[in-house]
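The UniProt record's numbering puts the first residue of the sequence shown at 1, with every later residue one more than the last. Built from N, CA and C at the ideal position, the CB exists for glycine as well.
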Amino acid sequence: MSLSIKIVEKLKGIKKPVLAIYPVIIIITIPSLLIINTIWNLKSFNRDANFIVRHQALSIAEVLTPIIKEKISSPNDLKRLLNEADASNEDVISAALLKEEDGDFSIYVSTREDDSQEGEMAALNQLAKGFNQPIAGLTYDPNLQKDVWNVIVPVVNEENGNFFLKIVLDTKSVSEILSRTTKDSVVILVLLVVVTIILIANHFVFYLRSLKTKQLEELDRLKDEFISIAAHELRAPMTALIGYLELLRGKIAPSEVEKIKPDLEILNSLIGDLDGLINELLDVSRIEQGRFQVNLVDVKVEEVIEKVVNVMLPQARQKGLDVVFAKVDLPSIKSDPDRLRQVFTNIISNSIKYTLEGRVNVSANLEGKFIKIVVKDTGIGIPGEELTKLFSKFHRVQDKKTIEVRGTGLGLWITKQIVEILGGRIGVESIYGTGTSVIITLPVGSSS
């Protein structure tokens, strides 16, 4: 089975997070909270309303009861008394004294001419008689055309009849309670709705991010695995190809070598490019998997740079360029000479590739506890919007001036990783159309 098929099968096997529990909890919890809140508010309202009207009526009855007992035989005095009670309390709509004989209720005295004891009032009267305690009820008064509170309070028990004080109260005070309760309920409901929306929105945001992150992590892992496998698989035939090329050279007669020399040089160049690509892929794999190793020894940075410059000079002169390095004596540092050579080769090679005319200047100086290396060219430069992405993996500056320059976009990423592994830092300064400076700083002393 090919590597590409294996990767496709692994991509198909990426599992999505199970989202059953969280939505079920939300769907069950939120409506339940709303129902509980509504029931609680209704019970609270009814309890508060009943308590207030009962308390208000009992307060009035407590004042009137002794007087009613004294004047029970004088209806006119009782009516005057009830009128005074009605006038002294703005919540009292009317008051009446009911007489009960043999289960029937009749109006003994009332402050209203249209007072009625039928329908709901008859039921309230019977309840007050049966329980022998104050009973409150919200009923609709057809004469007043609104809901009122009726409170029936037993006041006098005699052999010839029982008397009950009926007080009709306006719902204004209760409406205030209702308004307050409704307001509190609305606030709670709004808060619950907002919290619910936030929870659900965050749930889906986190879900999508989690899903995307898992997919990206899996893709990244598969990509690294592909790079590692591909690089190792290419290494064996590349080594064999180089060996067969050397063997072929040995079998060709000296007189024939000159004839095919240009072809051999092209073949060598292509093999060198392919070998460089394989090395880059292997470096990426090692860095990603934390297996990239360095061998720290005492190194003279200027000597490493000098050797790299000498190797790169022929390539530069083929383009009519010059590479200048003003060598100065610098203190030794703890670093890996092979990795430093790789870094400087990549940077100077890029400067030569992207410089059409002029030269490449390389300098190295001691600045405090660091050695600062600057590779400055007179090349095409880098657009400002590309600078932040320059050291990203697989990123290449793409425009009409660079389209013919070959590369993978891995070199600068690998260079940055190596410099940082060696305890240094790397940065770029560039003006598009003028040139580019790559600055590397390496610590003097032990590398991190």
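Take T388 as the anchor and find which of E258, D220, G427 has the nearest alpha-carbon.
G427
Measuring CA to CA, which of T239, L264, N41 is closest to G250?
Sorting T239, L264, N41 by C-alpha distance to the C-alpha of G250 places L264 at the top.
Could you give the DSSP three-state label for L97: helix, strand or coil?
In the structure shown, L97 sits in a strand (DSSP, three-state: E or B).
Cα-Cα separation between I36 and L97, rounded to whole angstroms:
42 Å
What does DSSP give as the partner residue(s) for R359 in the beta ladder?
D322
Is the region 328-338 touching the region 351-367 in the sense that three or more CB pairs, one from each, lie closer than 8 Å?
yes
Can you tell me the Cα-Cα spacing of R317 and R359, whole angstroms?
10 Å
The beta strand (DSSP E) enclosing S110, as first and last residue numbers:
The continuous beta strand (DSSP E) containing S110 extends over residues 104-110.
Supposed close pair K259, L296 - CB separation, criterion 8 Å:
That belief does not hold up - the Cβ atoms of K259 and L296 are roughly 49 Å apart, past 8 Å.
Bridge partners of L442, per DSSP?
I371
Using the DSSP secondary-structure output, state which residues sit across from L277 in a beta bridge.
In the DSSP output, where bridge partners are listed per residue, L277 has none listed.
Using alpha carbons as the reference points, say which of E84, G435, D283 lies closest to T378.
The candidate whose alpha carbon is nearest that of T378 is G435.
Which of the three DSSP states, helix, strand or coil, is assigned to L82?
helix
For residue 453, does the three-state DSSP call read helix, strand or coil?
Lying outside 1 to 448, the shown extent of the chain, residue 453 is not represented and no answer is given.
Is it buried or exposed, S110, if we count other Cβ atoms within 10 angstroms and call 16 or more buried?
With 16 or more Cβ atoms within 10 Å of its Cβ, S110 is classed as buried.
Which of the three DSSP states, helix, strand or coil, is assigned to D91?
Coil, per DSSP.
Give the C-beta separation of V155 and A61 to the nearest angstrom, bearing in mind that I take them to be a contact with Cβ-Cβ under 8 Å.
About 6 Å separates the beta carbon of V155 from that of A61, a gap short enough to meet the 8 Å contact definition.
Closest by C-alpha distance to R221, when choosing among F204, N83, D86, Q289
Q289
So, at 8 Å on beta carbons, what are the nonlocal neighbours of V92 in its own chain, with the 5 sequence-adjacent residues on each side left out?
I60, A85, D86, I167, V168, L169, D170
In terms of residues, what are the limits of the beta strand (DSSP E) holding V343?
Taken as a continuous stretch (DSSP letters only), V343 belongs to no beta strand (DSSP E), being part of the alpha helix (DSSP H) at 337-353.
Counting C-beta neighbours from all protein chains within 10 Å, is the total for L165 16 or more, i.e. buried, or is it exposed?
buried
From S185 to V194, what does the alpha carbon distance come to, in whole angstroms?
Distance between S185 and V194, taken at the CA atoms: about 14 Å.
Between the CA atoms of V187 and Q145 - distance to the nearest angstrom:
32 Å
Below 8 Å, can you find three or more Cβ-Cβ pairs linking the region 338-355 to the region 297-316?
yes
Roughly how many angstroms separate the alpha carbons of G411 and V438, rounded to a whole number?
14 Å
So, is K369 buried or exposed, given that buried needs 16 or more other C-beta atoms within 10 angstroms?
exposed
Out of T355, V311, D283, which one is the CA nearest neighbour of G433?
Answer by Cα proximity: T355.
Quick check on the burial criterion: 16 or more other C-beta atoms within 10 angstroms. Buried or exposed for R291?
exposed
Using 8 Å as the threshold, is the C-beta distance between F391 and K353 below it?
no
DSSP three-state assignment for Y432, whether helix, strand or coil
coil
Considering only the beta carbon of each residue, do I373 and V301 sit closer than 8 Å?
yes
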